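Shown next, in structure tokens, is the structure this report addresses.
Numbering (my numbering), first residue to last: 509 to 819.
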């Protein structure tokens with residue numbers, strides 16, 4: 509059994525990059541320092557902020573909520589949790605209950621908004637319509653668009669100045685590779701540790717405190733801190749293309765340590781280069797239907813609402 513290279517106690521995590529074993533105490537301290545320094549270095553928050561943490565009830569978003577609450581006194585901001593109930597039977601109700609229990613434990617307010625309230629239908633009902641139309645669009649695509657739409661709108665209604673998400677290093681490079689495969693240069697130019705700055709008065713800036721944390725680090729930290737979440741998967745995970753990318757990245761990382769960090773570094777270089785071109789994030793327009801931010805005449809949410817017959 510390996511021992512912590514700092515204190516000699518039982519090790520719970522091994523950093524292959526640096527050949528270092530750490531016990532639960534020193535691993536947690538290192539993890540928290542990484543997130544704290546990320547927030548400080550990239551100026552993700554300010555003392556006047558009200559941060560709405562987009563929480564799903566999973567380990568990443570709960571860890572983000574926990575740490576932002578923990579650091580709130582040091583930085584001087586306020587924090588609340590913002591959850592979206594998509595209406596996925598057999599999944600969302602369990603995650604929401606875990607979220608409510610955790611929020612009560614750490615004394616954070618949780619606000620819940622639903623697909624049903626905003627669009628008049630649950631995701632389960634939407635998927636039935638998608639199926640009838642031959643799955644031209646995957647459930648994950650529609651869900652992602654609607655979730656982001658609700659989070660931005662609700663956060664603004666609550667007076668939030670920032671939206672924090674639980675995206676970790678693995679999430680970022682998975683999306684980066686998917687965008688590369690699709691030649692999604694505009695998306696690559698837009699995605700970074702901070703997005704949505706100064707592009708539309710109704711768009712709340714989004715920050716990612718776990719940007720430099722691997723998924724397995726977040727998992728280890730959540731276990732150490734007893735951040736509990738029920739092990740239930742979304743019913744529509746089988747439609748997620750990124751699972752193949754995720755599996756490949758994990759396999760590649762196991763053979764070539766530090767690969768994920770190198771891909772993230774490459775992503776940042778490419779993003780910064782693209783932001784000096786026509787793909788740079790600039791001022792975007794307003795949806796002719798709902799008045800929310802849009803890259804075209806109508807936003808993606810209204811496009812899908814029309815496609816699904818929800819108007």
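Ideal placement from N, C-alpha and C gives every residue a C-beta, glycine not left out.
Keep in mind it's a predicted model, so treat the numbers as computed, not measured.
Is residue i helix, strand or coil when you go by DSSP?
i: residue 522; result: strand
i: residue 672; result: strand
i: residue 527; result: coil
i: residue 806; result: coil
i: residue 653; result: helix
i: residue 586; result: strand
i: residue 511; result: strand
i: residue 748; result: coil
i: residue 542; result: helix
i: residue 555; result: coil
i: residue 573; result: helix
i: residue 849; result: In this structure the chain extends from 509 to 819, so residue 849 is not present and cannot be described.
i: residue 732; result: helix
Note down the Cα distance separating residue i from residue j, rounded to an integer number of angstroms.
i: residue 826; j: residue 527; result: Outside the displayed span of the chain (509 to 819) sits residue 826, for which this structure offers no information.
i: residue 708; j: residue 531; result: 45 Å
i: residue 648; j: residue 809; result: 13 Å
i: residue 598; j: residue 784; result: 46 Å
i: residue 669; j: residue 516; result: 44 Å
i: residue 646; j: residue 696; result: 21 Å
i: residue 689; j: residue 753; result: 11 Å
i: residue 730; j: residue 805; result: 42 Å
i: residue 702; j: residue 714; result: 6 Å
i: residue 556; j: residue 514; result: 38 Å
i: residue 580; j: residue 568; result: 18 Å
i: residue 624; j: residue 603; result: 17 Å
i: residue 546; j: residue 742; result: 30 Å
i: residue 591; j: residue 576; result: 16 Å
Would you verify that the beta carbon of residue i is, or is not, closer than 8 Å to some beta carbon of chain D?
i: residue 620; result: Going by chain labels, chain D is absent from the structure shown, which holds only one protein chain.
Going by DSSP, which residues form a beta bridge with residue i?
i: residue 714; result: 671, 703
i: residue 628; result: Looking at the DSSP assignment, residue 628 forms no beta bridge with any residue, so it has no partner.
i: residue 773; result: Answer by DSSP bridge pairing: none, since residue 773 is not bridged.
i: residue 794; result: 801
i: residue 622; result: 593
i: residue 561; result: 589, 672
When you compare each of the options to residue i by their alpha carbons, which one comes out closest?
i: residue 801; options: 538, 550, 659, 582; result: 659
i: residue 562; options: 534, 547, 593, 549; result: 593
i: residue 656; options: 643, 523, 671, 667; result: 671
i: residue 765; options: 525, 705, 529, 740; result: 525
i: residue 673; options: 518, 642, 566; result: 566
i: residue 744; options: 619, 652, 518; result: 652
i: residue 632; options: 705, 596, 572, 792; result: 596
i: residue 736; options: 629, 614, 817, 818; result: 614
i: residue 821; options: 629, 540, 600; result: The shown model of the chain, from 509 to 819, leaves out residue 821, and the question about it has no answer.
i: residue 710; options: 775, 586, 661; result: 661
i: residue 644; options: 747, 621, 692; result: 747
For the ligand FMN, is there a heavy atom less than 7 Å away from the beta-carbon of residue i?
i: residue 621; result: Inclusion of the ligand FMN in the displayed structure is not the case, the ligand content being empty and no account of it being possible.
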